[in-house]
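Peer 1:
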Amino acid sequence: MLQSDLDRLRDDIIALAERYGRERSSLMPMLQDVQRKHAHISDYAMQVIADQLGIHPVEVYSVVTFYSFLHHEPEGKFVIRLCRTISCEMAGKDRVARQLEAELGIKFGKTTDDGRFSLEWCSCLGMCDRGPALLVNDVIYTQVTPQRVHEILEECRKSFGIFAPQAKEVH
Amino acid sequence: MKAMHEGPLTFAEVKADDGLKAALKESRAVVIRQISDSGLKGRGGAGFPTGVKWNLAAAAKADEKFVVCNADEGEPGTFKDRVILTDFADLVFEGMTIAGYAIGARTGIIYLRAEYTYLRPHLEETLKRRRESNLLGEKILGKDDFSYDIEIRMGAGAYVCGEETALIESLEGHRGEPRNRPPFPVDTGFHGRPTIVNNVETLAWGACIMAKGAEWFKEFGTAKSSGLKLFSVSGDCERPGVYEFPLGISIAELLKEVGGEGAKAVQIGGASGHCVPAKQFDRHIAFEDVSTGGSVIVFDQSRDMLAVAKNFMEFFCEESCGQCTPCRGGCPVLLEGLEKMERGVCSATYLRELRSLGETMQLASKCGLGQSAPNAFLSITEHFDSELLGRAPTNGVEG
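Quick mapping for you: the protein sequence lines, in order, are chains A and B.
Numbering-wise (this note's numbering), the first sequence opens with residue -18 and increments by one.
Numbering-wise (this note's numbering), the second sequence opens with residue 1147 and increments by one.
(1) Is B/Leu1258 near B/Arg1266, with beta carbons less than 8 Å apart?
(2) Give the straight-line distance between the Cα atoms of B/Lys1167 and B/Ala1350, rounded to the nearest whole angstrom.
(3) Mind checking the region 104 to 116 of chain A against chain B and listing, in chain order, the residues whose C-beta falls within less than 7 Å of any C-beta there?
(4) Going by DSSP, what residue range makes up the beta strand (DSSP E) through A/Pro127?
(5) Please confirm whether B/Glu1544 has its beta-carbon closer than 8 Å to some beta-carbon of chain A.
(6) Given this structure, state the Cα-to-Cα distance separating A/Asp155 from B/Gly1475, to the nearest angstrom.
(7) Residues in the region 1367 to 1395 of chain B with C-beta within 8 Å of chain A's C-beta atoms, listed in sequence order?
(8) Using a C-beta to C-beta distance shorter than 9 Å, which residues of chain B count as neighbours of A/Thr92?
(9) I'd like the list of long-range same chain contacts for B/Leu1269, defined as Cβ closer than 8 Å, with 5 residues on each side in sequence excluded.
(10) Would A/Ile67 and B/Phe1391 qualify as a contact pair, given that the criterion is a beta-carbon distance under 8 Å?
(11) State yes or no: is the C-beta of A/Leu100 within less than 8 Å of the C-beta of A/Leu81?
(12) In chain order, which alpha helix (DSSP H) runs of at least 4 residues are fully inside the region 1159 to 1243 of chain B?
(13) Within 8 Å, do at least three Cβ pairs link the region 1319 to 1327 of chain B to the region 38 to 51 of chain A?
(14) For A/Met27, decide whether its Cβ has a neighbour in chain B, counting only Cβ atoms nearer than 8 Å.
(15) Kindly indicate which three-state DSSP category A/Glu150 falls into: helix, strand or coil?
(16) Return the first residue and the last residue of the alpha helix (DSSP H) that B/Phe1461 is part of.
(17) Under the criterion of a Cβ to heavy atom distance below 7 Å, does B/Gly1193 qualify as lining the ligand PLP?
(18) Considering only C-alpha positions, which residue in the set B/Gly1419, B/Thr1506, B/Phe1194 and B/Gly1288 is nearest to B/Lys1171?
(19) Can you give me the start and stop residues for the beta strand (DSSP E) that A/Cys103 sits inside?
(20) So which residues on chain B does A/Tyr122 lean against when the C-beta distance must stay under 9 Å?
(21) Keeping to the same chain, check which residues put their C-beta closer than 6 Å to that of B/Ala1432; ignore five residues upstream and five downstream.
(22) B/His1549 and B/Pro1423 look like a contact to me (Cβ under 8 Å); what is the Cβ gap, rounded to whole Å?
(23) Would you verify that the beta carbon of A/Ile133 is, or is not, closer than 8 Å to some beta carbon of chain B?
(24) As a quick exercise: from B/Arg1327, B/Ile1178, B/Arg1277 and B/Val1343, pick the residue whose alpha carbon is nearest that of B/Asp1218.
(25) In terms of residues, what are the limits of the beta strand (DSSP E) holding B/Ile1256?
(26) Report the three-state DSSP secondary structure of B/Asp1333 (helix, strand or coil).
(27) Please check if any C-beta of chain A sits within less than 8 Å of the C-beta of B/Glu1403.
(28) I'd like to know whether the C-beta of B/Met1487 is nearer than 8 Å to at least one C-beta of chain A.
(29) Secondary structure at B/Leu1401, three-state DSSP: helix, strand or coil?
(30) Looking at chain A, is there any beta carbon in it that lies within less than 8 Å of the beta carbon of B/Leu1287?
(31) Could you list the residues in the region 1254 to 1277 of chain B with a C-beta less than 9 Å from some C-beta on chain A, going in chain order?
(32) So B/Thr1224 packs on B/Ser1441, CB below 8 Å; how close in whole Å?
(33) Going by DSSP, what residue range makes up the beta strand (DSSP E) through B/Phe1366?
(34) So who's on the other strand from A/Arg220, going by DSSP bridges?
(35) Can you tell me whether DSSP reads A/Gln13 as helix, strand or coil?
(36) Please state if the CB of B/Asp1183 and the CB of A/Met71 are separated by a distance shorter than 8 Å.
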């Protein structure tokens, strides 16, 4: 990371600490905001947050690693979370999962080399009457069929702009 | 924004803020008595009497108190809170405001699960509108001694945070690991202050009860489980969705309503609930019989109950917080047992040992998650043992 990037991250965190207050209960909102803006919570970010809140960085690390929506490794621009709980399983999540892996050329738990997509399992998304369900970042998709997977991914790819190179198909 | 639900819901009939207006005309003690008289019990699944909880928090002496709305709906098969927050957010905030008035709190917090982040703009908008109408903020509806506001806090993807003390830990910026109880949150909760944690649906019913009266609520349900309840129905039925039924409804009646007759089994209460086989469909859904937070998952004759049990155990292995040994160590052992059955190499003796381990987990785990984690395993191995033992190994792999 460039020094200027680190400085920017540091400034962001200080602004957040001022906004939420320098107390332990501000930790979760700060982590969530840092992740939203910087795609993950790096070691450096954890150190700065710990300094701001007056706690040990290990405390921050222990919180980050506890919650499945917080990450200390870089994530893709789009994080796709497919529900693997019972109702979605009965509605056919396995085929959707296979199609996602085929379209992206990665396994669950991985991020594409171009850093665009991460693929993850998640527990019940509360869409049990309309499974299989998946989240793309904060957006929910229900009754997803293997045929629709390509469509959903294309929608994401559009956000990279018309000049962005098309993702290479991996077979 | 509209969510789907089947059939009419009482929440749609209650006039906006009638409950809050009625509550603010009464003293705090009268509001709590009305909630107690209605017999309302926690709609998240635990079934603790709401009036008792409010009364304990109201009686506690402290400089600050908190109302927390538990919108960390993570139980597999449950989605009623999503529908309530989508269609009746005002009613939930109204219930939170009434609760705040009743216990003497100035701050309400809604803990919204990360999976429902898409609801946040809608909820922020609703809160803003309520502030502008003086339904939140300083001196609410001209009441001099009542100021109250609500903030939204986000979860980060942990099922265990639905447990009230884990939720408070998370709000305080810690790992979502449940605390020992006692002390209970009603005297030592958020920041060590008296705190009530109520489910989304409980708070919405609280507002309805203030608007329509305790007697109206008690007309529905049974003596020990009064009132109406929302059910989230999914799985093998013709009309899945959110339904409103009085508590005490039999499983057979419910299945008829949702088009799930002919089911082989029904999971009541989600992963932490119980699997009820067809021969017991005359049982009633109520706190005194089969208890539930509203999750109903229907399995038809074609379903492999071993796969169902395995899915539930995988869920608990993933979601156990890892703090106490019975749950952290027990869940993977039960899952391995199911995998043995899948390969056809589990002896009846070993199954008996696994069941005994499950019973130990129920007794020895620290929180509700660990205590209920073996429920699905125990009920499925009890009712469907003929399906589980002596199976031919699938995909040709010998154990």
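Quick reminder that beta carbons are idealized off the backbone N, C-alpha and C, glycines included.
Peer 2: Per the coordinate set shown:
(1) B/Arg1266 sits close to B/Leu1258, with the two beta carbons spaced by under 8 Å.
(2) Annotation: B/Lys1167 to B/Ala1350 spans about 15 Å, alpha carbon to alpha carbon.
(3) Taking 7 Å as the cut-off between beta carbons, the residues of the region 104 to 116 of chain A near chain B are Ser104, Cys105, Leu106, Gly107, Met108, Cys109, Asp110 and Leu116, in sequence order.
(4) Following the DSSP letters along the chain, one finds A/Pro127 in no beta strand (DSSP E) but inside the alpha helix (DSSP H) bounded by residues Pro127 to Lys139.
(5) Reliability of the predicted coordinates at B/Glu1544 is poor, the pLDDT of 47 falling under 50, and the value obtained from them is presented with this limitation in mind. Contact of B/Glu1544 with chain A is not assigned, every C-beta pair being separated by 8 Å or more.
(6) Missing from the structure shown is residue 155 of chain A; chain A here goes from -18 to 152 and no further.
(7) Cβ contacts with chain A come from Ser1378, Val1379, Ser1380, Gly1381, Asp1382, Pro1386, Gly1387 and Val1388.
(8) Within 9 Å Cβ-Cβ: nothing; A/Thr92 doesn't reach chain B, min ~17 Å.
(9) Around B/Leu1269: Leu1231, Ala1235, Ile1256, Leu1258 and Ile1298.
(10) No, these two residues do not count as a Cβ contact at 8 Å.
(11) Yes, the pair counts as a contact, with Cβ atoms nearer than the cut-off.
(12) For the region 1159 to 1243 of chain B, whole alpha helix (DSSP H) runs of length 4 or above, ordered along the chain, are 1164 to 1171, 1174 to 1184, 1196 to 1205 and 1226 to 1233.
(13) By the criterion of at least three beta-carbon pairs nearer than 8 Å, the region 38 to 51 of chain A is in contact with the region 1319 to 1327 of chain B.
(14) By the rule that beta-carbons nearer than 8 Å mark a contact, A/Met27 does not touch chain B.
(15) Low local confidence applies: a pLDDT of 49 at A/Glu150 is under 50, so the model's placement there is unreliable, with the coordinate-based value given in what follows. In the three-state reduction of the DSSP assignment, A/Glu150 falls in the coil class, being assigned neither a helical nor a strand state.
(16) Run containing B/Phe1461: Met1451 to Glu1465, per the alpha helix (DSSP H) assignment.
(17) Absence of the ligand PLP from the depicted structure is noted, as is the absence of any ligand whatsoever, leaving it without description.
(18) Measuring from the Cα of B/Lys1171, the nearest candidate turns out to be B/Gly1288.
(19) Per DSSP, A/Cys103 belongs to the beta strand (DSSP E) from Phe98 to Cys103.
(20) Per Cβ cutoff of 9 Å: no residues; A/Tyr122 is ~11 Å from chain B at best.
(21) Setting aside the 5 residues that flank it on each side, B/Ala1432 is surrounded in the same chain by Thr1368, Ser1371, Leu1393 and Gly1394, each with a C-beta closer than 6 Å to its C-beta; the list follows chain order.
(22) Nothing about residue 1549 of chain B can be read from this structure; chain B reaches only from 1147 to 1545.
(23) Closer than 8 Å: no.
(24) Taking B/Asp1218 as reference, the option from B/Arg1327, B/Ile1178, B/Arg1277 and B/Val1343 with the minimal CA-CA separation is B/Val1343.
(25) Unbroken beta strand (DSSP E) run through B/Ile1256: Thr1253 to Leu1258.
(26) If DSSP states are grouped into helix, strand and coil, B/Asp1333 belongs with coil.
(27) No, because no Cβ of chain A sits closer than 8 Å to the Cβ of B/Glu1403.
(28) No - not a single Cβ of chain A is within 8 Å of the one on B/Met1487.
(29) The answer is helix: DSSP assigns B/Leu1401 an H, G or I state.
(30) No, B/Leu1287 does not count as interfacial toward chain A.
(31) Under the 9 Å Cβ criterion, the region 1254 to 1277 of chain B contributes Arg1259, Ala1260, Glu1261, Tyr1262, Thr1263, Tyr1264 and Arg1266.
(32) The pair is a contact, with the Cβ atoms about 4 Å apart (cut-off 8 Å).
(33) Counting along the chain, B/Phe1366 sits inside no beta strand (DSSP E), nor does DSSP assign it H or E at all.
(34) Any property of residue 220 of chain A remains undetermined from this structure, which presents chain A solely from -18 to 152.
(35) Correct three-state label for A/Gln13: helix.
(36) Contact: no.
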